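Visitor:
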Amino acid sequence: MKDISKEHLVWMYTKMKMSRYFEERMEKAYMEGKQPVFNIGAGPVPGEMHLSNGQEPAAAGICVHLKKEDTVTAPHRPHHNAIAKEVDLKRMTAEIYGKKTGLGKGKGGHMHLFDPAVKFSCGGIVAAGIPHAVGAALAAKKLGEDWVAVAFIGEGAANAGAFHESLNLAALWKLPFIVVIEDNSWGISVPKSDSTCVPFNDVRAAAYGIKGYLVRDNDPFEMYRVSKEAVERARKGEGPSIIEIETYRFLGHFQGDPELYRDKEEVPTLRAKDPIERVKSHLIKEGMATEKEMDALDANIISEVDEAYEFAINSPLPAPEDALEDMFV
Amino acid sequence: MKDISKEHLVWMYTKMKMSRYFEERMEKAYMEGKQPVFNIGAGPVPGEMHLSNGQEPAAAGICVHLKKEDTVTAPHRPHHNAIAKEVDLKRMTAEIYGKKTGLGKGKGGHMHLFDPAVKFSCGGIVAAGIPHAVGAALAAKKLGEDWVAVAFIGEGAANAGAFHESLNLAALWKLPFIVVIEDNSWGISVPKSDSTCVPFNDVRAAAYGIKGYLVRDNDPFEMYRVSKEAVERARKGEGPSIIEIETYRFLGHFQGDPELYRDKEEVPTLRAKDPIERVKSHLIKEGMATEKEMDALDANIISEVDEAYEFAINSPLPAPEDALEDMFV
Amino acid sequence: MTDTKVQKLTGSKAMSLAIEQEMLKDDKIFVMGEDVGKYGGIFGSTTGLMDKFGPDRIMDTPISETGFIGAAIGAAAEGFRPIVELMFVDFHGVVMDQIYNHMAKITYMSGGNVKMPIVLMTGVGGGYSDAAQHSQTLYASFGHLPGMKVVAPTFPHDLKGMMTAAIRDDNPVVFMLHKTLQGLGWMDQIPASLGPVPEGDYIVPLNKAQVIKEGTDITIVAAQMMTVAAMNAVAGLEKAGINAEIIDLRSIKPIDKETIFKSVAKTKKLLIVDEDYLSYGYTAEVAALVASEAFYSLEAPIGRLAIPDVPIPYSSVLEKYVIPDANNIIAKAKEIMES
Amino acid sequence: MTDTKVQKLTGSKAMSLAIEQEMLKDDKIFVMGEDVGKYGGIFGSTTGLMDKFGPDRIMDTPISETGFIGAAIGAAAEGFRPIVELMFVDFHGVVMDQIYNHMAKITYMSGGNVKMPIVLMTGVGGGYSDAAQHSQTLYASFGHLPGMKVVAPTFPHDLKGMMTAAIRDDNPVVFMLHKTLQGLGWMDQIPASLGPVPEGDYIVPLNKAQVIKEGTDITIVAAQMMTVAAMNAVAGLEKAGINAEIIDLRSIKPIDKETIFKSVAKTKKLLIVDEDYLSYGYTAEVAALVASEAFYSLEAPIGRLAIPDVPIPYSSVLEKYVIPDANNIIAKAKEIMES
Ligand SMILES: Cc1ncc(C[n+]2csc(CCOP(=O)(O)OP(=O)(O)O)c2C)c(N)n1
Ligand SMILES: Cc1ncc(C[n+]2csc(CCOP(=O)(O)OP(=O)(O)O)c2C)c(N)n1
Ligand SMILES: [Mg+2]
Ligand SMILES: [Mg+2]
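Residue numbers (the working numbering), protein chains in the order written: chain P, 19 to 347; chain H, 19 to 347; chain V, 185 to 523; chain A, 185 to 523.
1) Closer than 7 Å by beta-carbon distance: list the chain A residues that pair up with P217 of chain H, in chain order.
2) For Q317 of chain V, is the classification buried or exposed, using 16 other Cβ atoms within 10 angstroms of its Cβ as the cut-off for buried?
3) Can you check whether the C-beta of T338 of chain V is within less than 8 Å of a C-beta belonging to chain A?
4) Are the beta-carbon atoms of D460 of chain A and A324 of chain A separated by less than 8 Å?
5) What residues from chain A crowd round M345 of chain P, counting only those whose CB sits closer than 9 Å?
6) Using a Cβ-Cβ cut-off of 6 Å (strictly less than) and excluding sequence neighbours within five positions of Y48 of chain H, which residues of its own chain qualify?
7) Does DSSP put L193 of chain P in a helix, a strand or coil?
8) Report buried or exposed for L278 of chain H, applying the criterion of at least 16 other Cβ atoms within 10 angstroms of its Cβ.
9) Please check the pair V273 of chain V and T321 of chain V, which I expect to be a contact at CB under 8 Å, by giving their CB distance rounded to whole angstroms.
10) Could you tell me which residues DSSP pairs with S435 of chain A in its beta bridges?
11) Return the CA-CA distance between S321 of chain P and E328 of chain P, expressed in angstroms with no decimal places.
12) Report the neighbours of E322 of chain P on chain A: residues whose CB is nearer than 9 Å to its CB, in chain order.
13) Does ligand 4 have even one heavy atom less than 7 Å from the beta-carbon of G172 of chain H?
14) Are the C-beta of Y231 of chain P and some C-beta of chain H separated by less than 8 Å?
15) Along the chain, where does the alpha helix (DSSP H) containing K450 of chain V start, and where does it finish?
16) What does DSSP give as the partner residue(s) for E429 of chain V in the beta ladder?
17) Buried or exposed: which applies to S207 of chain P, given that a residue is buried once 16 or more other Cβ atoms fall within 10 Å of its Cβ?
18) Looking only at C-alpha atoms, which of V:M207, V:S313, V:G258 sits nearest to V501 of chain V?
19) Return yes when the Cβ of V144 of chain H is within less than 8 Å of the Cβ of A255 of chain V, no when it is not.
20) Under 7 Å from any heavy atom of ligand 5, does the C-beta of N512 of chain A make it?
21) Is the beta carbon of G564 of chain A sitting closer than 8 Å to the one on K363 of chain A?
22) Going along the chain, which unbroken runs of the beta strand (DSSP E) with 3 or more residues stay wholly within the stretch 190 to 224 of chain V?
23) Say the cut is 7 Å; is the CB of V244 of chain H nearer than that to a heavy atom of ligand 1?
24) With a threshold of 8 Å between beta carbons, is T467 of chain A in contact with chain V?
25) Which residues in the same chain have their Cβ closer than 6 Å to the Cβ of G61 of chain H, if we skip the five residues on either side of it in sequence?
26) Consult DSSP for L270 of chain A and reduce its assignment to one of helix, strand or coil.
27) Is it the case that the stretch 192 to 199 of chain P contacts the stretch 254 to 273 of chain P, given that we only count it when at least three CB pairs across the two stretches are under 8 Å?
28) Measuring straight from C-alpha to C-alpha, what distance separates Q73 of chain H and D292 of chain H?
29) Determine the burial state of S37 of chain H: buried for a count of at least 16 other Cβ atoms within 10 Å of its Cβ, exposed for fewer.
30) Determine the contact status of A517 of chain V and I402 of chain V, defining contact as a CB-CB distance below 8 Å.
31) Which runs of the beta strand (DSSP E) at least 3 residues long sit entirely within the stretch 148 to 193 of chain P? Give them in chain order.
32) Under the three-state reduction of DSSP, which class applies to H300 of chain H: helix, strand or coil?
33) Between Y312 of chain V and chain A, is the shortest Cβ-Cβ distance under 8 Å, so that the two count as touching?
34) Give the range of the beta strand (DSSP E) segment to which V229 of chain P is assigned.
35) Determine the chain V residues that contact P334 of chain P at a beta-carbon separation under 8 Å, and present them in chain order.
36) Report back the beta-carbon spacing between S499 of chain A and L335 of chain H to the nearest angstrom; my notes put them in contact at under 8 Å.
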C-alpha cells in the first residue's frame, strides 16, 4: 500500500474519524428528550435520523481525490459524505438542530443539507440525487472544466429507475460522473439478496458500456485506489464509472429501528473489522505516524466536532414566521 | 431454416400480412377528413396515429410461440402486436374509429386497446407497459401456470426507468417475462445513437444476470428462433430475457410527421428488404406453398381485414353522455 | 356493523386486522411493498402478517415503486387483488404515472372491461419534524385525478372498516393512513390512535363523511389529524360560546357533499381545516361545493386553514407554525362568527 | 412593453422567439428535451433554434424524463439556466418527484441558498382525440404544490412575454403551452393562435390575470382554450342579455385574486371555466378564494364548468361532451343569472 501517500491517508483518517465521532455524538444528541419513552418528534434533534457509522471508507476514499469545484450529491444518510466533502461542520450541525444558523436556516434538516460553497447537496428520496450529479457533470463539461460529479447512493437505490436513466445519460454524453454505491447489505429491513437480482452492481456497468469497480469488505485502501482511477478517468473525459463498495451498517436503518430483521451476530462481526482502525494501524505500522501523533490528531478532530455541536446548541432557533420565507429568491 | 415448420411460417406470414394490410388501410382511413388541410383532430379516425409497417417480424416472430393465456403488453404503436396476439380485429378497428362496439366503447382509442380475452393491452406512456407484463408474469407464477408475459417496447423505451425496475424485479423473482425491444432506429426524431449509450440493448441483460438476444436486420426467421428459446426458458421457470430486434420504420413516427430529420434514402432501402416478402419467398422456395396458395391466403387476409373495417365503419357512435359511464365497476 | 364483540386497538392493528381477515377469505389478495414483510410495514400496516401468510403473499420489494406498483396493475388485470404500499405519500412522484395514467384509467379506457381491484396504501402527515420530503398529506394530489377512490380515515374503527371496504372494492382505492393515528410505539401517542374496533368483519363505506360532534353555530370540516385538532378545539370553542359541528371527511374523493350541506344548512357557517397545502386543497374543493351548490345556506365568509403553500419545514418551531392546530381553529372560528 | 414594432406570430413562434432572444443574451441558458432539436419541439416551442444554437445548447434527450429534468436541477445548482421540455403534461407522473420534491423545494430547504432558475415547459390540452393519456391540462396538479410558479398563457403576446419573464426568473416556472394555441400547421387553426407580438423583448408578469373583455353582469374566469371558449360565448351571452366580464387567468399559481375580486365586486356573479378536472381544480380554488375573501360581493351561487371527473375519452363525440364549450358557458351563465 505504498501507493497511498501519508498525506492522503491522514486526510482519509481525519474525515473518517471526524464522521464517526460526529455520528457517535449525534446518537446521543438524538436521544435527548426521547427518554424514557421514545418519541421520534421529541427533543432538540427530532425527525428521522440515519447515521453512517461503519460506512466512512466509501466517502473518504473518493473525496480525497476531489476538489472544492467537484460536486457531490448524497442520499438520506449523508453525514459521512458531507464531512468528507468538507461541508461547513458548524452550519451542518446547526441545521440538524433546526437552528437559524443552519445551512438551510432550519428548514432542511438532516436529510436536506445544502452547502453550495463546496457543492454538496443531499435529499430524502432514494436515488433522486443521481440525476442532479449528472446535471453537475453536464455543467462541468459545458464549462470546459475538469470538474467531476459524484453521486453517493445505497445499494437499494441501484434498483430505482433514476439510476438507469442517469447512467445512460452520463454514458451517452460521456460526462465526468461517478456513482458510488454504498452496499451496506440492507435497504431498511430488506437484504440486498431480496432487492437486487445480481450479487454486485459493478456488472451493471456493462449496460452502459462504462467502467465498473467493486471494492470488497469495506476496504478503505482499495476504495482509494479505484476511486483515484475513476476520478482521473472522469477528469480526462473518459466518461462515467460505477463504484460499488461493500460497506458496514453498524446501526439500525434509522435511530429507533428495532432491527428485528437482522442477526444479532452481524454487527459485532462488522465492528471487529472497523475500517478506521485499519487505517490507523496501517499509518502506525508503516511508520507514517506515531500513536502519540494519532492521539493528537484525534484530539483535534474531537474538538472540531465538539465546537460544531457547541455552535449548534448555542445558536438561536428561527422565529416561527420565518417558515414563510425563502420560498422564492 | 428447416427448423421452422410450415404451419408456423404460414401463421407468421398471415399475421404479418394482416398487420401490413391493416396498416395500409389505416393510412388511408386516417387521412379521410384531413384533406386538403391536415388537421389531426378531423375525420373519422382522429388523434395521433402510430403505424407499424415494417415492424411485423418483431410481433409475429414471438407471438407464434404464445397461447391465449400468455400476456402481451404493447406501447403506443400497438397494431402489429395486437394482431399477432389475435386481438378481436373487429372490435379493435371499431375502437380506432371511436365506436360503441369498440374494445373500449370508443373511450380508449388506438393507443389504448384492451382485450382481456386474449390478455392484450397497450398504452401511450413510453415504457409503462413493462411493469404490467411483470405483474402478469408474477400472476402466472403465483398460479403455478406455465404462462409467459411479453412486453413490447421501442428502443427509445429501453432508457426509461421503468425498464430497469421491471427487469430487476423480473430477474429477482425469476418470472416468466420477456421484453421485446423493437429497435426501429428512431424515437420520434431522435436516432438510437443519440438516445442509447450502447449500440445494442441485449448487453443490458448482464445488468440482470439474464439472457439477452439480438436479432439483426429485421430477420423474421431469427426472431422466431430466439423467441422460441426465450419462451421455452420462461415456461420452464428459467427466468426472463431481453430480445432486441433491429427492425424498420417505413412511415413517420406518427401520420403527419414531416420526417425532416431522416435521410430520404432510408425508407426505400428498408422497403427493398421487406420482411413479409422474405417469408413469402421462403415458403415458395422451400416448396411449402405455391404462388397460388399464397394468393388465396392473401385474399382471405384482405377480406378479414376489410370485414373488420366494414364492421367499424358501420357501427354506431357512442352517445355523448356515455362519457360518464365505466368510471367504476 | 355485523359484529358486537369489540376490542380496543391502535390504528395500525385495526388496519392489519382488516387485511388479515380478508386475506384469509380470498387467496387472490396479496401484499407488496418495501418493508412490509418482517418489518411489518414502517407504519405497522402489515404487522404480524408475514408470520401468518409467508413471503409469497406478503412480499418485500426492491425500491422500485414504478416496478412493483406497475406489477400490481398487471396482476390485477389477471384477477388478483393486490394491496400495495407506497411507504410515504411524498414518494408518489416516482410512480405517479402508474397510479394515475394506468391504475386509475384502465377501467375507463377499456370501456369497463378490465377491473383494477387494487388498494394503494400510503403513509401521510407531518408533525414530527420529518421535513419537506416526508411530511405531506397530498390529499388533493390524488383527489384531483379521476378513477381512484381516495380515503383518509381517522379512527381505528374506520381504518378497519374502510380497509375492508377498500379490499372488497373492484376499483382502485388510495388508502391514506396518517402516521400519527397508527398508534405506533415510536411516535407521539395520542388518544385518537386507540379506539374500539369490532372483532368481526364489517365495512365502513368509502364515500361517507361522518358528523363526529353535533353543534349549531359553525360547521368544521376536517380529516385525520385536523379532525383531531378540531376535537381538541371543542373546549376552547365552547368557552368562546361557539357550539361547533365537526365533520370528519373520511373520503377525499368523492367528497360526501350531502353531509356537509346538511350541516351548513343548520349552522350557516363553515370552516375547513386541512393538513394539505392551502391552494387547490380540500379547503378549496369543499368551499367551492358549498359556494356553488349550497350557497344560500351561507351567512358568512368560508374559513380555510391549511399549510400556507410552503414545503413543510424541518425545525419544530417552524413546522408547528405551518400545521394548523386547535388554537388556530379557535381563532379562525371566532373570526368567522364575528364577520 | 419596451418595443413598438409588432408582427403577427403564432403561439409557437412567439414562444421560440422569446427563447431565442434570451439565449442570445445569456449563454447560461440551454434547452433540453425530447425532439427539441431538429424537430423543433413537437409543439413548436423550439422552432428553428437548433439551426441557430446547435446541439450543445439545444439538446435532444433520451426518453428519460427523470434523468434529464433531474439533470436540469443539477445544472441549475451550478449556475446554468436550463429550459426543459416535458413533451406532454400527461407524462408528469414519470418525473413528478424531480419536479415537486426537488426543483420546487430546494430553494426553500436550503434556506434560500440555492437558486433553481429552471423553466419547465410542457404541452397541455385536448380537443383533438388524443385520448386519456395525451389530452389533459393538469393545471391543478402543479398549482397545488408549493415552490413553482405555474403559468398558462393564452395569446401569442403573452406566450412571448411570459416566456421571457419565466427565463429571467430565478425560480422554477412551469410554463404550460396549450397545443391548440400554438398555431401549428397540423392542428385545428384557430384565430386566437395568431396575434400581434412586439419584436423586441418585453415581459408579461407571471402573476397577473387580465380582464380581456369588460362587462357588468357576470365575471367569467378562464384560462387558455376556456378563455377562447368564453370569448366565443360572448355573442350568445349578449343575445341572452348578459354582458359578461371575461378574465384570462394566465397564472395558475399564484392566482391573481385582486383582479378577480375587483371584477366580482362589480358583477356580483361568478362563473369559472376549466379544461382541467372539476374536483380540486381551479374552479375550486377560485371559488374558494371568492367565497372566503370576497364573500359579500357574491349575489348568486358560483358556477363551475370543467371536465366532469372522468379521463378524457377518445371518441370525438365523447370528448366534446366532457370539454366545456361556448354553449355550456352560455347555458351555465344563464342559470346563474336566473338563480
Ligand atoms: C423513492 C423512495 N422510496 C422509498 C423510500 C424510503 N426509504 C428511505 S431509505 C430506504 C432504504 C434505502 O436503502 P439503501 O439505498 O440501501 O440506503 P441505506 O439506507 O442502506 O443507506 C427506503 C426504502 C424513499 N426515501 N424514497
Ligand atoms: C414517458 C413518455 N415520454 C415521452 C413520450 C412521447 N413519445 C411517444 S412515442 C415516443 C418515442 C418512442 O420511441 P420508441 O420507444 O423507440 O418507440 P417507436 O415510436 O420508435 O415505436 C415518445 C418520445 C411518451 N409517450 N411517454
Ligand atoms: Mg443499503
Ligand atoms: Mg423506436
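Beta carbons: idealized from backbone N, C-alpha and C, even for Gly. Model, not experiment: these values are computed from the prediction.
Guide: Straight from the coordinates:
1) In chain order: nothing, as chain A lies at least about 14 Å away.
2) buried
3) no
4) yes
5) T291, Y292, G296, P330, G331, N355
6) V63, M67, Q273
7) coil
8) exposed
9) 7 Å
10) A:V335
11) 10 Å
12) Correct list: empty, because the minimum Cβ distance to chain A is about 23 Å.
13) yes
14) no
15) 441 to 451
16) V:T403
17) buried
18) V:S313
19) no
20) What this structure holds is ligand 1, ligand 2, ligand 3 and ligand 4, not ligand 5.
21) Outside the modelled stretch of chain A, which goes from 185 to 523, sits residue 564 of chain A, for which no answer is possible.
22) 190 to 194, 213 to 217
23) no
24) yes
25) E50, G51, K52
26) strand
27) yes
28) 10 Å
29) buried
30) yes
31) 167 to 172
32) helix
33) no
34) Reading the sequence as shown, one finds Lys at residue 229 of chain P and not Val. It spans 229 to 233 - the beta strand (DSSP E) in which K229 of chain P sits, taken as one unbroken run.
35) Neighbours of P334 of chain P on chain V: none; closest Cβ ~10 Å, over 8 Å.
36) 7 Å
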